[in-house]
Structures are given as structure tokens and as C-alpha cells.
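In what follows, a single structure is set out as C-alpha cells and then discussed.
Residue numbers (this note's numbering): -3 to 875.
Here it is in C-alpha cells:
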């Protein structure tokens, strides 16, 4: 039997818009709704494999229902500004999919769907309706099922006639009668006041239709009879409004014609325009091969497979003579390097190690370790790892396509070689097989001039060659060294947390008077707001919110709230850290080897994953204690931390040129105390800890573009008072205000902001029609030059320190970076040399209008570090 899929376009794209957080392309084009719509469409097409497909959209509203009742859908909000352009984008996707788009002037999508399902039923087709609108359930019959979105766009429920009866107690055909009685608030259909779903279902189970019910209303109890007598016409009208039209003019059998399948080339172009990188990669293998009549082709280069040692030697000599090679490294972080493909001059070679070992490995090692042979590749840090696991010290890495693409479009994603080939070369790479590695090597060669030109146009060549490329080797060394973990202490901490969680559970149950799932927001809400009667806050789809902000505000209302907050903190610490870290310790090295991502954040900062060691909570003492388990690699070593003091505020002083800020830092004053004195009008010696705390919140809040509302929330003070703090701050530091206003203005003119090393961040949000999104863009414009410059500085320092440690042949190793802090594993006998070296390189790495200051701390673990007041007095740590 032929299967026909008909989709409610308006319903699904609206649901996708509200289900997915705001997304946009690098040019500011909003895409969250069309992305969600496309993902659902592809998912259902794959699962259902229909022969025929059509998508219905509203057109030319108000429709005929508005003529019958002017209040129909009258209270519906206007289409959100960010959604309007996405309706057209969704249709572009459908056109590339070669799926029919059906619109009829004056009719809603429901009516088109109703007509199409009628025509399909007459042909005895198996029909499936995909929608988020329950009104379509009235169409369910022996040929037609309805697939409803249940939760956002991720969960679907399929209804046949039996399931409709199970849920509503009525057959599908009687659902319009129910709407006549109950109405529909979402469409402003009035119904009969005082009649709910249960009552309506009972009445219709007895009288079968609205008309029969009205004819027999005299048999009903007095109240119902009076309601029906008074609102009979309204009930009939409501049924009419809720009834889907199944004879829309102009629709016939041609509307359910066979679906020819997607035009993959056209679809890739649309996905490229929308920057749907993963979707593009998923379908790229379906485009025609080279030689077919197609603009977009699959890259399948001619290559030579090298399996003889003599031939390998000739290839390596060719590489050395050329002085450079485009190399695709094949392997993984478990077994290491397994194969190479090299594009050199006009040839491509494929070198599978299995055929060449062990003699061939030595020949390849000599080439890879030769710094005079320039290597151009993708994912250079992985290449270092692969080589390391084979005992090879990779040298001469000069270009990484991933890093170059990241600088060109920071934070945009889509940096994989497959994505870049699609974007710049309009070529799809093979998904697997022997040809995949040679295709990657050729792709690197072809991409190079495109990426080099882009970097030159953006004036980022120095940033790329002097900071980002040298940093790859530094990060690879840090990851390979790793950081040692005290397993026994970690296990003991996990057990301790488990005991505290059990104790807290008992205390919470006792206070609640019953057992319940503390981690369930619904059950917790029932206890707090239902049983205990605490003040309700923000409402969600599942009840009243019990998030951290709500609970913190309720902490003074009942002691159970503080217990729940403590319980949540411990559960997170145990699950994510004490248990989670244990599972990630390398059994051979007894260390954690976190991945330091260089190409993820839009600001240029590094990020950490598997595990994320930058995100260990340190605001609470119980969170800070987790740092105790991070220890030196040897009992004779110590951990040394080097932390930039208030680097972002120092950068703000430099960029703004504000005399008051500059003098405070040059005179070595405590900046928060100085700010408190100026904002609150007291002498510096009269600044209390509370005033300093508030000044600190203002200082850092200004960097992040905080509003009076945000500052009031953070400090728990009235909004008017917070606004006064900000006014006084800018009155005392007018050059800071000028800097912020100037930066935002330039960002609007240019579309981006830059750091001290010309790192760019594009800010398409500044051009959004949505005021909230534009406000976010202004905050990004304010903060990115500061935070990005801090990232530049610490990266430069890492490169210089790494170079000094290598040149001095020190055993000390840089093992972790956490925002403005570097952590080192240092033999105690090297401490007196290494500590001043690190401080010197970090403080002198760049010249600003104010001094950079680094605080050094040393200890037996990451928690028990104490400040070295004078690095020359570090001998006490030597053993």
C-alpha cells in the first residue's frame, strides 16, 4: 500500500522556534526554527519512508472562519520577529527536498491537510499526518493516522482511532462536538461556559453528537440545561469553527503525487547557506562522483599506494627535497598513528604502516621529526598525539586548517576538514575506505590558498603564525603529560559525599513528612509549594520552578530549602567529579589527560573537556576540596600555580585609558577598595568588607555589560540602588563609559570587535530585530575585546614559558590552564629557578598601560597551595 505523509508546516516550524534556543548564522540570519523543522522532517522521512509527501502552510489569513466569528484566534500574538524570515528558509529546504508545498488562499494548513487526507483515503492510501495541533485528531480513520509532537519537537505520539478513544473517550469524529461544548482557548473558540472535558465526554457518550444533545437538553439537570439553552448558538458556532474543511477548492489527486526524493546538490547549497554543518556532512556522500554532470562533486583523487621500502625511501626523499608536504594523519588516541597520506608537489601518496613496519616506520619518523620539512595538516594536535603514541616527536608543523578556519569564523563550528571542503571547495570527502586519507591530503592542499587569503584579508596572519600555531604543540605536550590524581583520596571523598547525601535525604524526608524523589522538580515542587505552602515563583510546563535561583530566594522560608540546595551540590560533586573523574583516569599513567580545546570558544579562550578541569566549583569550600586529589607526578615534586591578578580589569584600564584606573594599578592599590572609595564616597581606609564586595561586583559587572537589574539581583539590593552604583561608577571613571560606548558603536559599524592582537569576534546579534538579542550583542561587544585580549596574553605566556622550559631542559612541566591561571608540576630542586622564570615571562609578555601582576602559589596538591611572597625565598620547599 502506498504511504502518504502530509505535514503541518506552520505548526512544526512554530514548535521548533520555541523548542530550540536562538541560533543564527555568522551573518546574523536566525535559524533555530528552520534547523528544528529540518531535523524533524529528516527524522520522520527516514523512519516512515513515505512514497508521497506534501507540506501544508496557511495562506491569506484571515480565513473563512474569521468571517463567521471575528474573534477567531484574535488573541494570538504576532509572529516573532526572528521567526518571520525562517518561514521562507524552511520552504527553501522543502524545495531542495523536492517536497510539495501546498498553500490555498483563505485556508489554514489544517483544511489543506483535511482535504488531502480525504483524497488519499478515497485512493485507499495509508496516510500519516505530522503536526503539533490536536485538532487534526478528528481526521483519524481506518486510513489516516496522526503523529503529534508531544514534547517540543523531540518526542512523537502516533494516534489511530483506538488511541483517540482511549485518551478522550470519544471516536475521532466526535472531537468537533467536544470542541463545540468545551471550546478552545488557544484559538479563542468560546464553547459553552462551565462545561469541561469530563462533562462533555460523558454527555457525548450518551447523546453521540452536539445536535442530538441540544435536541435532548430538556432531559439534562437544570444547570446544564440552562447553560445549553443560553449558549446553544455559540456551541454550534464553536463546532463549526473547530471542524476541519475537507473540500478545499483546487486540490486534486495531483497534490498527492509521488515524491522523487531530495535534490542533494541543491540541499547542500541550502545547508551551506544556513551553516548547518552536520546536516551537510550527513548527506555529502550522496552527491555524484567526479565526472558526473554536477557542480558539487565527491573528491576522489588519483594516488599511489606505497607498500615497498624502496619506494617509501624515494617518496620521503621527494618530500625532503620539496621542503613541505600536505599530510593527512590516520590513527586514533588509543593505538596512535596507523597511516599517512601525503600530497607533495603534483603527487599524492598513501602510506599504510602495516605494510611498511618496522623498517618503514624509522624512515617515516626521520621525516616527521625533521623541523626543516614543513607540515601542513588538519587537526594538528591529534597529529602530535598519534605520533607520540608511536614514539615520534612531530616537528615542523606550520599550518593547521582547523585553527585557520577558527580564526576566520570564531565560535561558528564546522571546522572539520569535511565541512571546510564543502564550504570552500564545494567538494564532498569520502566517508571511509582507503581513498578517504588521500582525499583528505588533497583537500588540505586545495584549502591552503583559500584559508591563507582569508587570514591575510582579516589581518590575522601574525595571530595565526605567532600565537595559535605554536600553541598547538604546547597544548599537545600538556595533554600528553596529564595531571596525576590521588585515587585513594578520590575514593574516600566519594564515599564521604555519599554518606552526606544519605544523611541529607533522611533529614529532607523527615522535614517533608514523606519520601519522594528529591531530584524530581515536579515532586519537589509538590512538597515545597503544595504540602509546605512556600511562596510560588516562576511557573514552568511541569509546575512551579525549583531551580537554584528560586530555592536561594526561598532559603529563609524553611530549613528544608537549604538542605535541598546542599543535597543538589553534593549529588553534582559526587556524580561529576569524585565518581566521574575516577572513570576517566588513564589506567597506565594514573593521570587525567584532559583535552584542551583551542578552537571552540568565540572569545579565544581555551576550554577543557573529558574531563572539564576548568569547571571544578570553587565558590564553596566543599567544591574547592576536590582540588586536593590533584597531586604532583612524583613525591619529590610540588604543584606551582601562577595566576594573573585581575587581568581583565587591567586590560580595561589599558584599553579605556581611564586615569583613575591606571593610577590605581600603577600605585599597586587594591582596585576593589579604590572603586568602593570612589563609588561610595569614603576614604580607602574606611572601606568595609561589604563595600568592597559590592565594588567588586560593580567592577566585574561593568566588564560584562551588566544592567542595573542584573547588579541588583547579584547583590540582592533594590534596582534603584544598583542603578545609582553604576551611575557613580561612570561618573568617577568617565573614560570607561566612553570606551564601552565607542566599542559598541564600532562593532555596529564593522560587525565585529578585536583584541590587542587583532583576534576578531563577529557579533551578528547587534543587527537582530529582536531587542533582547541586540542587548546581548552589546554586552558581547563590551566584553569580548577584554576577555579575548586576556586569552591572547595567557596564550603568548604559555608559548614563551614552554619554550624556556624546553631550552633549559627542565623537568618541570606545564600541565593545566584554567582561565587566567597556569598549573605546573615542578621538582622541588628546580623551583627556585622555574618560579621566577614563569613569573617573569607572564608579567613581561606584553606591555600595557598598567603592570601585569602574577601571584605564585606552591603546595603538595592543587588545594593546599600557599602564596610565595618572594620567589627568592622558595628554598624552604626543597627537600
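Even for Gly, the Cβ is constructed at its ideal location relative to N, Cα and C.
Buried or exposed (CB count within 10 angstroms, at least 16 for buried), residue i
{"i": "residue 182", "result": "exposed"}
{"i": "residue 140", "result": "buried"}
{"i": "residue 14", "result": "exposed"}
{"i": "residue 129", "result": "buried"}
{"i": "residue 0", "result": "buried"}
{"i": "residue 622", "result": "buried"}
{"i": "residue 527", "result": "exposed"}
{"i": "residue 272", "result": "buried"}
{"i": "residue 12", "result": "buried"}
{"i": "residue 306", "result": "exposed"}
{"i": "residue 680", "result": "exposed"}
For residue i, the three-state DSSP class (helix, strand or coil)
{"i": "residue 29", "result": "helix"}
{"i": "residue 365", "result": "coil"}
{"i": "residue 610", "result": "coil"}
{"i": "residue 20", "result": "strand"}
{"i": "residue 392", "result": "coil"}
{"i": "residue 677", "result": "coil"}
{"i": "residue 239", "result": "coil"}
{"i": "residue 604", "result": "strand"}
{"i": "residue 640", "result": "strand"}
{"i": "residue 121", "result": "coil"}
{"i": "residue 431", "result": "coil"}
{"i": "residue 749", "result": "strand"}
{"i": "residue 136", "result": "coil"}
{"i": "residue 50", "result": "strand"}
{"i": "residue 260", "result": "helix"}
{"i": "residue 153", "result": "strand"}
{"i": "residue 402", "result": "helix"}
{"i": "residue 559", "result": "helix"}
{"i": "residue 758", "result": "strand"}
Cut-off 6 Å between Cβ atoms - residues of its own chain near residue i, not counting five sequence neighbours on either side
{"i": "residue 761", "result": "769, 772 and 773"}
{"i": "residue 842", "result": "789"}
{"i": "residue 694", "result": "721 and 725"}
{"i": "residue 96", "result": "50"}
{"i": "residue 541", "result": "533 and 534"}
{"i": "residue 120", "result": "none"}
Sheet register partners of residue i (DSSP bridge)
{"i": "residue 127", "result": "144"}
{"i": "residue 325", "result": "336"}
{"i": "residue 620", "result": "None; residue 620 has no bridge partner."}
{"i": "residue 373", "result": "396"}
{"i": "residue 862", "result": "854"}
{"i": "residue 4", "result": "52"}
{"i": "residue 812", "result": "819"}
{"i": "residue 591", "result": "605"}
{"i": "residue 301", "result": "346"}
{"i": "residue 103", "result": "55"}
{"i": "residue 627", "result": "480"}
{"i": "residue 180", "result": "185"}
Cutoff 8 Å; reference residue i; Cβ partners in own chain excluding five residues on either side
{"i": "residue 860", "result": "624"}
{"i": "residue 167", "result": "157, 160 and 161"}
{"i": "residue 19", "result": "26, 27, 28 and 31"}
{"i": "residue 505", "result": "511 and 512"}
{"i": "residue 256", "result": "94"}
Same chain only: Cβ atoms within 7 Å of residue i, ignoring 5 sequence neighbours per side
{"i": "residue 398", "result": "374, 375, 411 and 595"}
{"i": "residue 178", "result": "187, 191, 192, 193 and 196"}
{"i": "residue 302", "result": "308, 311, 345, 346 and 347"}
{"i": "residue 334", "result": "326, 327 and 349"}
{"i": "residue 234", "result": "175, 176, 179, 185, 186 and 187"}
{"i": "residue 428", "result": "none"}
{"i": "residue 364", "result": "383, 388 and 390"}
Heavy atom of the ligand ATP within 8 Å of residue i beta-carbon
{"i": "residue 754", "result": "Among the ligands in the structure shown, none appear at all, so the ligand ATP cannot be discussed."}
- Task: Decide if the region 595 to 607 is in contact with the region 781 to 789; the criterion is three or more beta carbon pairs, one per stretch, under 8 Å apart.
- Result: These segments touch.
- Item | Inter-stretch contact (C-beta, 8 Å, three-pair minimum) for the region 361 to 377 and the region 308 to 327 | Output reads yes: the region 308 to 327 touches the region 361 to 377.
- Inter-stretch contact at 8 Å, needing at least 3 Cβ pairs: the region 87 to 94 / the region 263 to 277: With the rule of 3 Cβ pairs closer than 8 Å, the region 87 to 94 counts as touching the region 263 to 277.
- Message: Using 8 Å as the cut-off, can you tell me whether the region 374 to 391 makes contact with the region 560 to 579, which would need three or more C-beta pairs spanning the two stretches below that distance?
- Response: In short, these stretches do not touch, since the Cβ pair count stays below three.
- Taking three-plus beta-carbon pairs below 8 Å as touching, is the region 831 to 840 in contact with the region 492 to 509? Not touching, per the Cβ criterion.
- Given 8 Å, three or more beta-carbon pairs between the region 649 to 659 and the region 792 to 800: No: the two stretches stay apart, fewer than three of their Cβ pairs being nearer than 8 Å.
- Item | Meets three-Cβ-pair contact criterion under 8 Å: the region 387 to 396 and the region 474 to 486 | With a cut-off of 8 Å on Cβ pairs, the region 387 to 396 is not in contact with the region 474 to 486, counting fewer than three such pairs.
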